[in-house]
Every structure is written in structure tokens, then in C-alpha cells.
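So the sequence shown is numbered by the working numbering: it starts at 167 and just counts up by one.
Note that the Cβ used here is the ideal one computed from N, Cα and C, for glycine as well.
A quick note: this is a predicted structure, and the numbers were derived from the prediction, not measured.
Here is the structure we will look at.
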Amino acid sequence: MPLKNIKVLELAGLAPAPFCGMILADFGASVIRVDRTGVLQRDVLGNGKRSIALNLKGEKGAEIFRKLSDNSDVVIDPFRKGVMEKLKLGPQDLTKSNEKLIYARLTGYGQQGPYSNMAGHDINYLALSGMIIINN
Numbered sequence: 167m168p169l170k171n172i173k174v175l176e177l178a179g180l181a182p183a184p185f186c187g188m189i190l191a192d193f194g195a196s197v198i199r200v201d202r203t204g205v206l207q208r209d210v211l212g213n214g215k216r217s218i219a220l221n222l223k224g225e226k227g228a229e230i231f232r233k234l235s236d237n238s239d240v241v242i243d244p245f246r247k248g249v250m251e252k253l254k255l256g257p258q259d260l261t262k263s264n265e266k267l268i269y270a271r272l273t274g275y276g277q278q279g280p281y282s283n284m285a286g287h288d289i290n291y292l293a294l295s296g297m298i299i300i301n302n
């Protein structure tokens with residue numbers, strides 16, 4: 167498998183992040199999905215992954231996440247701009263102890279621009295592009 171020695175931390179989110187993690191696992195990466203505590207995640211996009219439930223807002227959960235990221239090659243972040251920075255778990259924080267870490271962000275509208283603080287979903291993109299009106 168081409169990614170057999172790659173370690174990925176996937177922060178649980180909606181479809182894009184779990185789908186990305188699943189594809190990486192399909193190619194041999196070792197993927198750990200980080201779920202929120204108290205939330206049971208059962209979905210087909212968990213195929214080939216291990217999971218751990220952490221409260222990233224708590225000191226213990228954040229410390230465990232930092233240790234996991236220190237031993238990972240990739241972090242997949244599905245959250246809006248600034249969420250992980252508020253928790254002191256953003257790329258600037260995590261790459262201090264793991265310079266080779268690839269911090270992949272899957273945001274709806276990027277890190278800059280008028281929509282960067284907004285959540286985005288497929289229906290939003292279709293509406294903004296005009297595709298919804300074309301298909302009616």
C-alpha cells in the first residue's frame with residue numbers, strides 16, 4: 167500500500183473530512199478519527215479507521231491530541247477558520263513540536279475572504295453558483 171507508513175489524525179466532521187480520511191486509509195494510511203466525547207459516530211466513512219473520543223476543550227483531551235499529533239504525519243481539520251486556534255491546537259501550535267506535520271484544512275470558503283467565517287455545505291455552494299435555479 168502506498169501510504170502504509172503514513173499516520174493521519176482526522177478531526178471528526180461532516181462528509182468531506184471523513185471521506186478524505188477514508189480514502190487515505192484505503193491507500194494504507196493509519197487513520198485515527200478524533201470524535202467529540204458523548205457523540206456516537208457510526209457511518210460508512212469510518213471504514214479502515216480507529217477512533218478516540220476527546221474533549222479538545224479540556225486540558226487532558228487537548229494534551230492527548232497534542233501527543234497524537236506529535237507522532238502523526240497529517241492532521242485533517244474540518245472546522246471553520248479559527249476554531250482550532252482558539253483551542254491552541256492550530257497549525258502554528260502543533261508544528262512547534264512536529265515540524266513535518268501536514269495540517270490539512272477542509273473549510274467551505276477558505277481562510278480569507280468575505281465568507282471565510284461561514285460554514286459551507288454542498289447546498290450552499292450550489293446556491294451561490296446558480297446551479298439550483300438552473301436545475302429547477
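Suppose you measure from the CA of residue i to the CA of residue j; what does that come to, to the nearest Å?
i, j, result
"F245", "L211", "18 angstroms"
"K262", "D239", "14 angstroms"
"L310", "I300", "The structure shown has nothing for residue 310, since the chain only spans 167 to 302."
"G276", "E176", "18 angstroms"
"I218", "G194", "19 angstroms"
"G274", "A293", "13 angstroms"
"L220", "I298", "38 angstroms"
"A228", "Y269", "16 angstroms"
"R199", "Q278", "27 angstroms"
Where does residue i sit, in a helix, a strand or coil, going by DSSP?
i, result
"K233", "helix"
"I189", "helix"
"K226", "helix"
"G212", "helix"
"A183", "helix"
Would you kindly report the start and end of the unbroken beta strand (DSSP E) that includes residue i?
i, result
"D243", "240-243"
"V249", "Run containing V249: none in the beta strand (DSSP E); it sits in the alpha helix (DSSP H), 249-252."
"D201", "196-201"
"L177", "173-177"
"R271", "268-271"
How is the alpha helix (DSSP H) around residue i delimited, first residue to last?
i, result
"A293", "288-295"
"L260", "257-260"
Thinking residue i and residue j are a contact (beta carbons under 8 angstroms), I'd like their distance in whole angstroms, please.
i, j, result
"L272", "P182", "5 angstroms"
"G187", "I242", "6 angstroms"
"K173", "N264", "Their Cβ separation, rounded to whole angstroms, is 11 angstroms, which puts K173 and N264 out of contact at 8 angstroms."
In the DSSP assignment, what are the bridge partners of residue i?
i, result
"S217", "R199"
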